[in-house]
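Trainee: Mind looking over this structure? Questions follow.
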Amino acid sequence: MSSDYIPGNTIIHKLHPATKLIFWGVVMLAMMVSDDPIVMLAVLFGTIVMYMIAKIPMSKILELFKVILPATVLYVVIDLIFFTYDPSKHMFFFYLVPFVNWIPVTLESLVFTVGAVLKFILTLVSYRLIPLTTPVPDIIRFFAKIRVPPYVNTAISSALAYVPVMYDEARTIEEAQRSRGLRLEYRNPIKKARAIVTLFVPLLSVSFQRSMRLAVALESKGFGYAMKKRTYYHELHFHMGDVAFLAAFAIISGLLIYFGYWYLNILNYENTVRLIESFIR
Amino acid sequence: MSDEVILENVTFTYEDGSRPAVSDLSLSVQKGETVVIAGPAGAGKSTVCRMLNGLIPHFFRGVLKGKILVKGYETRNYPISFLAHQAGVLFDDPSSQLICPTVEEEISFGLENYGVPREEMIERVHNSIRDFRLTGYEQRNPHTLSGGEQQLCALASVIAMRPDVLILDEPTSRLDPIGSHQVYNIIKDLSMSRAYTIILVDNKIEEIVELADRLLVLKDGRLIAEGPPRQVLQKESIMKEAGIRPPQVTELFFRIKESPQLGAKLGSEPPITLAEGERQIGSMFNPKVKSRERIHQSDRRCEGDAIIDVKDLWHIYPNGFAAVKGVSLQVAKGEFIGIIGQNGSGKTTLVKHFNGLLKPSRGSVIVDGIDTRTTTTSFLSRKVGLVFQNPDHQLFARSVLKEIEFGPRNLGVPEEEIKERVRESLEAVKLPESILDAQPTSLSTAQKQRVNIASVLAMRTSILVVDEPTTGQDPQMRREIMELLTELNKNGTTVVVITHDMHLVAEYCQRGMVMKNGEMLLEGSTGELFSKPEILAEAYLKPPQITMLSQKLGGPQDILSVDEFFDWLKEEMSHR
């Protein structure tokens, strides 16, 4: 398929792409004003509710988790390494690297890291809702509407149109090389890299040829003729659903800014730390 | 009538070209005329197309001499975006001219660029979708349509812009027979309507003779023949020089003409269509032919053990699509077998089982005694060489030498032997040793295809499977590749070839198998296959013209070539 779009007729599907983009903006805002894992969990919960309204199978989210797992682990380790350890205040648990006593793990660093990881996951999960519920052409029409230059827009649009084509090409290339005895299951990184070159070079050359032909096709369709007078086949409109969602987003944003900005300590991870401490003690 | 397209002494040399792609070309095309340009690869046909909408000299740069006028506009003075509105171009490769994510938008794209008001645009898009039989596909990604539909979508998007001149650059050369049929039907309608000035570049002479007002033959950038098709096709030596085969009925006519006894029985005008052939050649038989016998023994297949044994093979892709459904096939050692059928009929899926790229979902594939399920592709690649359709999908090395060495190296062949194998396979594909240092990507298509085959030959497999080796190649190149495979076959290699070209199947394969919707529709010697035109028609295939001629005249059902027809005719006439 050309995109991740899952066809549907739900209220989320019917939202204007701008509304969905604003939803993502609200999530981003929450992440800016807060680093508290509880707040992040709440936002994640809200996002998952949106997925459920849109009838997107949960497997889509799990798929995403699988893909980002290695990055997440790395992220956890980095967060733990750079968290400043204060022995006088923090509740020490253990060292991540024992014997050499390296990278202390404390309640504080753990809570902070959980919050950070949730943010990372949330960024992607909330963003993915857009392509999953919006047909690619709608996204492009929206870009056109907000005056993204036609050059940029057409580049994005044709790139998206070509995803299935390039996917097929990549698979054919791999099969062609395997038919010549290529093995891809090498452990040795140098051999592995060499094997990948045999796939990468043809893909690059095929893509280059394609982009050349695409440029010719664009020119032959009069692209670039009187750009200012360009007309559009599709037009997008805001509906009642958009208004309702936008109102809700406005309220949530207001609350986030109010509590997060003026009463910073409420949405701070340290509150959660204290909460957990009171349970442990 | 006025001239819509005029070329006056045009010479063009590409920026990186060593010789002119087109030299001193003059031609004029009238409004509403359909002109067909034929010629071998590198003749300058595409160059002419590019000139007419300004891609030359504005996009493809080089030295342009002479004058090009399209509807009175001298192309060098106007931008492509302006000229594209006058002359719409359809290219050979359907997928690389589709820009938009949906069919609807693909068709509206050009209109948007020209600022057509929205109401009118919607109407034009709807009309195009209806006229080009794309109803129901409005929201589909054009790249997911079949080849023929993709090409129709691309043509619809060109027509929607309402150009006066249509330039069609080998529009069916990359399509399967159904796709070609769909596209030719539309082109015929467009040509008959006389609403467009059509310049069609095409080498499928049998398909275009009826719609062409004039036929132009180009070679090495020069116009070597021009005139009504019937006249041009009579110039045998010129056709040969350009590597263009006239229709088989025309070939037969000349063959008969050469013969002292039979020649006198024919008129002076050669037939150019099957119907004309039927009338003219048929008039020689009085009374009508009685013999309906076949001339071939029922089997041309080799006797021997099956080197490939496919038993009730099913292949179901992860998305649930059953691409191969219960196919059984035995290929004997030393055979030359053709697999035919439309794109998507499961041919490629089937052959990918021969070297284990795909494993059976059900049933089994035994290659040289080994069950493919129990081994890997890298092991089977010692036994089965699989040559893919597009050489660009496998050429990666910095030199031809490295490219050919790649396979044997993967197999762990000793250094000394690799050298020998490189030399040998280069010789087999008739490429000079001097090419070894060249970069594969810089070669011509024909050379790339040869390097591609050489790189598989170097693996010295006893079975060679070649997927569509002739797509996008000119008639001469097609023949050369088939000759090459025949040569290898004579030396003991078992050859399996996937092709759409019925003429090639008739001429080169011993046996054929027809697939349709994942099932085997028909299997047998080539003579047997073509003697069942009704079943072939189910897969949208038809026998070569000469076979059909014989069948229509009541002659043998399994005539496979002009020579065979002629020999039978001599025999038949000698009894009278």
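Chains as they are written, first to last, in the working numbering: chain A, 1 to 281; chain B, 1001 to 1576.
Every residue, glycine too, gets a C-beta built ideally from N, C-alpha and C.
1. So B:I1199 and B:A1160 are supposed to be a Cβ contact under 8 angstroms. How far apart are they, rounded?
2. Work out the CA separation of B:A1506 and B:R1300 for me, nearest whole Å.
3. Does A:G8 come within less than 8 angstroms of chain B when only Cβ atoms are used?
4. Can you grab the Cα-Cα spacing for the pair B:E1427 / A:I173, in whole Å?
5. Would you mind telling me which residues of chain A sit closer than 9 angstroms to B:D1169, beta carbon to beta carbon, in chain order?
6. Going by the CB atoms, is the gap between A:I156 and A:F143 shorter than 8 angstroms?
7. Looking at chain A, is there any beta carbon in it that lies within less than 8 angstroms of the beta carbon of B:M1459?
8. Cβ closer than 9 angstroms: which chain A residues qualify as neighbours of B:K1352?
9. In angstroms, rounded to a whole number, what distance separates the CA positions of B:T1011 and B:T1377?
10. Please classify B:R1130 as buried or exposed, where buried requires at least 16 other C-beta atoms within 10 Å of its C-beta.
11. Pick out the complete beta strand (DSSP E) segments inside the region 1510 to 1562 of chain B, 3 residues or longer, and give them in chain order.
12. Please classify A:H237 as buried or exposed, where buried requires at least 16 other C-beta atoms within 10 Å of its C-beta.
13. Is the region 1266 to 1283 of chain B in contact with the region 1527 to 1544 of chain B, if contact means three or more CB pairs nearer than 8 angstroms?
14. Output the boundary residues of the beta strand (DSSP E) element that contains B:D1131.
15. Within 8 angstroms of any Cβ in chain B, is that where the Cβ of A:R210 sits?
16. With respect to the beta strand (DSSP E) encompassing B:A1038, which residues constitute its N-terminal and C-terminal limits?
17. Does A:S2 get closer than 8 angstroms to chain B when you measure Cβ to Cβ?
18. Rounded to the nearest angstrom, what separates B:G1492 and B:S1434 at their Cα positions?
19. Expressed to the nearest angstrom, what Euclidean distance is found between the alpha-carbon atoms of B:L1411 and B:L1529?
20. On the three-state DSSP scale, how would you describe B:H1315?
21. Of all Cβ atoms in chain B, is any one closer than 8 angstroms to the Cβ of A:K229?
22. For A:K192 and chain B, any beta-carbon pair shorter than 8 angstroms?
23. Please name the residue, chosen from A:A248, A:V27, A:L182 and A:P7, that lies closest to A:F120 on a Cα-to-Cα basis.
24. Helix, strand or coil, according to DSSP, for B:R1300 in the structure here?
25. Any Cβ of chain B within less than 8 angstroms of the Cβ of A:A158?
26. B:G1344 to B:A1323, Cα distance in whole Å?
27. Just to make sure I have the definition right: I need the residues of chain A whose C-beta is within less than 9 angstroms of the C-beta of B:I1295. Which are they?
28. Quick one: using the 10 Å Cβ neighbour count with 16 as the cut-off for buried, is B:L1401 buried or exposed?
29. Work out the CA separation of A:I48 and B:L1485 for me, nearest whole Å.
30. What residues of chain A sit near B:G1110, judged by a beta carbon separation below 9 angstroms?
31. Can you pull the chain B neighbours of A:P164, defined as C-beta to C-beta under 9 angstroms?
32. Please compile the residues from chain A whose C-beta is within a distance smaller than 8 angstroms of the C-beta of B:E1424.
33. Is the beta carbon of B:E1278 closer than 8 angstroms to that of B:L1549?
34. Could you tell me the distance, in whole angstroms, from the CA atom of B:T1075 to the CA atom of B:D1220?
Mentor: Result, derived from the coordinates:
1. Not a contact, Cβ separation roughly 19 angstroms.
2. Residue confidence for B:R1300 is low, a pLDDT of 48 falling below 50, so the modelled location carries little weight and cannot support an answer.
3. no
4. 26 angstroms
5. None at all; the shortest Cβ gap to chain A is about 11 angstroms.
6. yes
7. yes
8. E175 and S179
9. About 51 angstroms.
10. Classification of B:R1130: exposed, given that the 10 Å Cβ count is below 16.
11. 1511 to 1516 and 1519 to 1525
12. exposed
13. no
14. Segment R1118 to D1131 is the alpha helix (DSSP H) holding B:D1131; no beta strand (DSSP E) there.
15. yes
16. T1034 to A1038
17. Because A:S2 carries a pLDDT of 40, less than 50, the predicted location of this residue cannot be relied on, and the following value inherits that uncertainty. By this cut-off, A:S2 is an interface position.
18. 28 angstroms
19. Answer to the nearest angstrom: the Cα atoms are 39 angstroms apart.
20. strand
21. yes
22. no
23. Out of A:A248, A:V27, A:L182 and A:P7, A:V27 has the C-alpha closest to the C-alpha of A:F120.
24. Confidence at B:R1300 is low in this model, with a pLDDT of 48, below 50, so its placement is unreliable and the value that follows should be read with caution. Taken through DSSP and simplified to helix, strand or coil, B:R1300 comes out as coil.
25. Reading off the sequence shown, one finds Ser at residue 158 of chain A, where the question assumed Ala. Judged by the 8 angstroms Cβ criterion, A:S158 is in contact with chain B.
26. Their backbone Cα atoms lie some 8 angstroms apart in a straight line.
27. The contacting residues do not exist; B:I1295 stays about 39 angstroms from chain A at best.
28. buried
29. 59 angstroms
30. Listed along the chain, the chain A residues whose CB falls inside 9 angstroms of the CB of B:G1110 are S220, K221, G222 and F223.
31. Per Cβ cutoff of 9 angstroms: N1141, H1143 and T1144.
32. Neighbours of B:E1424 on chain A: none; closest Cβ ~17 angstroms, over 8 angstroms.
33. yes
34. 23 angstroms
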